Amino acid sequence: MRHVTRFAITALIATVLSGCGTAIKVRSGQMPDAIVQQLPLRVGVRFDESITDFSYQEKLATGGTYSIDLDDASAEMLTSTFGDLFQEMILVPPGEEVPPVDILIEPTLSALEFVVPSQTISNDYAIWIKYQIKVYDSTGKIQADFLIPAYGKAPKDSLVGGTKGALTQAAMRALRDASTVLLTRFVADAKLEGRQLRPVQVAERPAPAQTEPSNEDPDTTADEVVESELSEQYL
Amino acid sequence: MTKASKQHLIGMLLASLWLAGCSTARTDLVNSSDLPDYQGESVVVMTKSYHAGNKTETGFTDCVVKSVQKGGTGLNVLSGDEFVDLMYPWFEPRTVPNKIEDMPKLLRNPAIAKRMRDTGVRYVVWLDGSTERPGGGGSLSCAAGPGGAGCFGFAWWESDSDYDASVWDVEDVTEAGSVETQVTGTSYLPAIVIPIPLLARTKNTACKDLAGRLKDYIGNAG
Chain L
1 MRHVTRFAIT
11 ALIATVLSGC
21 GTAIKVRSGQ
31 MPDAIVQQLP
41 LRVGVRFDES
51 ITDFSYQEKL
61 ATGGTYSIDL
71 DDASAEMLTS
81 TFGDLFQEMI
91 LVPPGEEVPP
101 VDILIEPTLS
111 ALEFVVPSQT
121 ISNDYAIWIK
131 YQIKVYDSTG
141 KIQADFLIPA
151 YGKAPKDSLV
161 GGTKGALTQA
171 AMRALRDAST
181 VLLTRFVADA
191 KLEGRQLRPV
201 QVAERPAPAQ
211 TEPSNEDPDT
221 TADEVVESEL
231 SEQYL
Chain W
236 MTKASKQHLI
246 GMLLASLWLA
256 GCSTARTDLV
266 NSSDLPDYQG
276 ESVVVMTKSY
286 HAGNKTETGF
296 TDCVVKSVQK
306 GGTGLNVLSG
316 DEFVDLMYPW
326 FEPRTVPNKI
336 EDMPKLLRNP
346 AIAKRMRDTG
356 VRYVVWLDGS
366 TERPGGGGSL
376 SCAAGPGGAG
386 CFGFAWWESD
396 SDYDASVWDV
406 EDVTEAGSVE
416 TQVTGTSYLP
426 AIVIPIPLLA
436 RTKNTACKDL
446 AGRLKDYIGN
456 AG
């Protein structure tokens with residue numbers, strides 16, 4: 001009888017352990033207002049299901065099953081980002097006719113990968129997300145098609161919430177990183193460099209320690225110089 | 236327990252305590268230029284980007300922030316998270332300026348320069364470094380039975396806390412100076428029934444030393 005009890009307890013423990021998994025649900029969180037030059041464009045943005053309802057599950061060889069539910073966190077992040085980038089943004093539901101717009105943007109989430117400390121013998125959880133962005137001009141012709149890579153990581157021992165907390169933090173950082181890439185590279189990647197940028201609010205007093213480039217074209221505005229250099233920096 | 240056993244135990248504990256105190260610390264202010272009188276300008280303490288491979292622990296950063304704020308001569312510190320949000324997206328891990336030479340290009344954008352002034356931040360302190368365990372040894376085993384539980388053995392490990400803090404003056408757009416600290420120590424864990432941890436708190440010592448020197452440099456400058 002004692003053997004039977006021991007076997008039952010062992011089997012119960014094994015069942016519980018084998019069913020152990022980590023499941024997280026991610027929100028993009030409140031994105032801060034971005035300091036970027038807003039383009040005077042009316043854009044349409046159409047999300048597919050990978051943006052509005054995404055989840056990913058993987059059983060690791062090192063043990064444990066991980067489930068990452070982004071739900072509509074990508075949509076929240078992209079809505080906020082494109083709202084900062086463009087003067088007017090219209091969300092176009094799938095299957096509906098596109099209203100008159102200067103450009104139509106169609107983002108999709110093309111890949112998500114993650115690593116946990118047991119795989120890398122490190123202290124960190126890390127997540128990579130890759131978005132594909134398609135941009136169509138006002139006639140519906142494809143204007144640009146490019147990838148946005150995003151990365152976030154969080155240490156396992158510095159956050160409240162253990163594994164779930166660290167993995168959630170890594171995912172939120174990856175979403176924020178994707179927004180950063182879009183805000184700093186979209187103009188160049190979407191081939192919008194020729195478009196007139198909406199003037200940035202000029203500072204009330206001169207910026208400290210300005211260093212003017214010696215070979216600057218006198219007809220080029222400071223904003224254009226900055227935009228051009230920033231595009232170079234993040235290309 | 237016999238009298239001899241008690242004396243042996245006390246002697247071992249005292250020896251362990253003495254050994255635990257054998258950590259060495261060195262903190263230096265390097266390449267520093269004189270700063271203007273401190274008028275309560277805001278200071279923000281940041282860690283270098285993990286995109287650049289930085290491993291500074293969040294706990295260490297929190298400790299430095301608390302320590303430089305503390306006391307009558309405490310500095311006026313703006314939270315790093317708040318500063319990063321205010322400067323979004325130009326101080327994100329991917330876009331943050333890695334060296335002072337990157338700042339003029341950023342501040343040439345009037346909107347970014349204005350936001351920087353609006354934050355009231357004069358000094359940005361960049362933390363870099365980490366605490367590592369280069370070695371250890373010993374043997375410790377614990378067991379539990381119907382009559383009770385206990386441990387026996389002795390374990391030890393080394394800790395090496397190596398950090399530096401680089402101070403940027405964002406108004407003059409210069410790297411004003413930096414503070415380097417290195418603390419090494421050995422922790423011991425003797426166990427006779429009960430384990431008695433005798434920890435060399437190298438990270439904590441590094442935090443206090445670094446913060447103290449930063450406070451002196453920025454706060455008492457001029």
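From first to last, the protein sequence lines are chains L and W.
Counting with the working numbering, you get residues 1 to 235 for the letters of the first sequence.
Counting with the working numbering, you get residues 236 to 457 for the letters of the second sequence.
Don't be surprised by glycine CBs; every beta carbon is placed ideally from N, CA and C.
All of these numbers come straight from a predicted model, not from anything done at the bench.
Please classify residue i: is it buried, with 16 or more other beta-carbons within 10 angstroms of its beta-carbon, or exposed?
{"i": "Q87 of chain L", "result": "exposed"}
{"i": "A379 of chain W", "result": "exposed"}
{"i": "L344 of chain W", "result": "A small correction: the amino acid at residue 344 of chain W is Asn; Leu does not occupy that position in the sequence shown. Buried, because 16 or more other Cβ atoms sit within 10 Å of the Cβ of N344 of chain W."}
{"i": "T23 of chain L", "result": "Correcting the residue identity first, residue 23 of chain L is Ala in this sequence and not Thr. It counts as exposed."}
{"i": "Q268 of chain L", "result": "Any question about residue 268 of chain L goes unanswered here, given that chain L covers just 1 to 235."}
{"i": "L91 of chain L", "result": "exposed"}
{"i": "P328 of chain W", "result": "buried"}
{"i": "V135 of chain L", "result": "buried"}
{"i": "P93 of chain L", "result": "exposed"}
{"i": "K283 of chain W", "result": "buried"}
Verify the CB distance criterion: does residue i have a CB-CB separation below 8 Å to chain L?
{"i": "W392 of chain W", "result": "no"}
{"i": "R329 of chain W", "result": "yes"}
{"i": "W403 of chain W", "result": "no"}
{"i": "A411 of chain W", "result": "no"}
{"i": "I335 of chain W", "result": "no"}
{"i": "T293 of chain W", "result": "yes"}
{"i": "A441 of chain W", "result": "no"}
{"i": "R368 of chain W", "result": "no"}
{"i": "D316 of chain W", "result": "no"}
{"i": "I431 of chain W", "result": "no"}
{"i": "P425 of chain W", "result": "no"}
{"i": "P332 of chain W", "result": "no"}
How long is the line joining the alpha carbons of residue i and residue j, rounded to whole angstroms?
{"i": "S258 of chain W", "j": "T293 of chain W", "result": "23 Å"}
{"i": "P339 of chain W", "j": "K443 of chain W", "result": "32 Å"}
{"i": "G388 of chain W", "j": "V428 of chain W", "result": "9 Å"}
{"i": "D397 of chain W", "j": "T262 of chain W", "result": "10 Å"}
{"i": "K59 of chain L", "j": "L167 of chain L", "result": "15 Å"}
{"i": "I453 of chain W", "j": "V36 of chain L", "result": "32 Å"}
{"i": "T421 of chain W", "j": "A441 of chain W", "result": "14 Å"}
{"i": "K164 of chain L", "j": "V279 of chain W", "result": "29 Å"}
{"i": "Q169 of chain L", "j": "L264 of chain W", "result": "35 Å"}
{"i": "M172 of chain L", "j": "M77 of chain L", "result": "10 Å"}
{"i": "G315 of chain W", "j": "M281 of chain W", "result": "6 Å"}
{"i": "A188 of chain L", "j": "A144 of chain L", "result": "10 Å"}
{"i": "P324 of chain W", "j": "Q417 of chain W", "result": "33 Å"}
{"i": "P107 of chain L", "j": "T79 of chain L", "result": "11 Å"}
{"i": "D451 of chain W", "j": "L270 of chain W", "result": "11 Å"}
{"i": "F47 of chain L", "j": "E113 of chain L", "result": "21 Å"}
Put residue i into one of helix, strand or coil per three-state DSSP.
{"i": "F86 of chain L", "result": "strand"}
{"i": "Q37 of chain L", "result": "coil"}
{"i": "A190 of chain L", "result": "coil"}
{"i": "L270 of chain W", "result": "coil"}
{"i": "D157 of chain L", "result": "coil"}
{"i": "I148 of chain L", "result": "strand"}
{"i": "V279 of chain W", "result": "strand"}
{"i": "A251 of chain L", "result": "Any answer about residue 251 of chain L is impossible in this case: the structure gives chain L only from 1 up to 235."}
{"i": "T366 of chain W", "result": "strand"}
{"i": "G447 of chain W", "result": "helix"}
{"i": "F280 of chain L", "result": "Given a span of 1 to 235 for chain L in the structure shown, any question on residue 280 of chain L remains unanswerable."}
{"i": "E292 of chain W", "result": "coil"}
{"i": "Y323 of chain W", "result": "coil"}
{"i": "E76 of chain L", "result": "helix"}
{"i": "D337 of chain W", "result": "helix"}
{"i": "L264 of chain W", "result": "strand"}
{"i": "I68 of chain L", "result": "strand"}
{"i": "P117 of chain L", "result": "helix"}
Is the Cβ of residue i closer than 8 Å to any Cβ of chain W?
{"i": "P100 of chain L", "result": "no"}
{"i": "V181 of chain L", "result": "yes"}
{"i": "T163 of chain L", "result": "no"}
{"i": "R176 of chain L", "result": "yes"}
{"i": "T168 of chain L", "result": "no"}
{"i": "T244 of chain L", "result": "Only positions 1 to 235 of chain L appear in this structure, which leaves residue 244 of chain L out of reach."}
{"i": "K153 of chain L", "result": "yes"}
{"i": "T184 of chain L", "result": "yes"}
{"i": "I148 of chain L", "result": "no"}
{"i": "P107 of chain L", "result": "no"}
{"i": "I35 of chain L", "result": "yes"}
{"i": "P32 of chain L", "result": "yes"}
Quick check: does the Cβ of residue i come within less than 7 Å of any heavy atom belonging to the ligand GDP?
{"i": "V331 of chain W", "result": "For the structure depicted, the ligand GDP is absent and the ligand set is empty, with no information on it obtainable."}
**Message:** Pairs of beta-carbons, one from the segment 149–156 of chain L and one from the segment 89–107 of chain L, closer than 8 Å: are there three or more?
**Reply:** no
**Message:** Assess contact between the segment 368–378 of chain W and the segment 388–408 of chain W, defined as three or more Cβ pairs (one per stretch) separated by less than 8 Å. Is contact present?
**Reply:** By the Cβ test, the segment 368–378 of chain W is in contact with the segment 388–408 of chain W, since at least three Cβ pairs between them sit closer than 8 Å.
**Message:** For the segment 174–181 of chain L against the segment 124–140 of chain L, do three or more pairs of beta-carbon atoms, one drawn from each stretch, fall closer than 8 Å, so that the two count as touching?
**Reply:** yes
**Message:** Would the segment 117–125 of chain L count as touching the segment 50–59 of chain L if we require 3 or more Cβ pairs under 8 Å?
**Reply:** no
**Prompt:** Counting Cβ pairs closer than 8 Å, one from the segment 398–412 of chain W and one from the segment 346–360 of chain W, do we hit at least three?
**Reply:** yes
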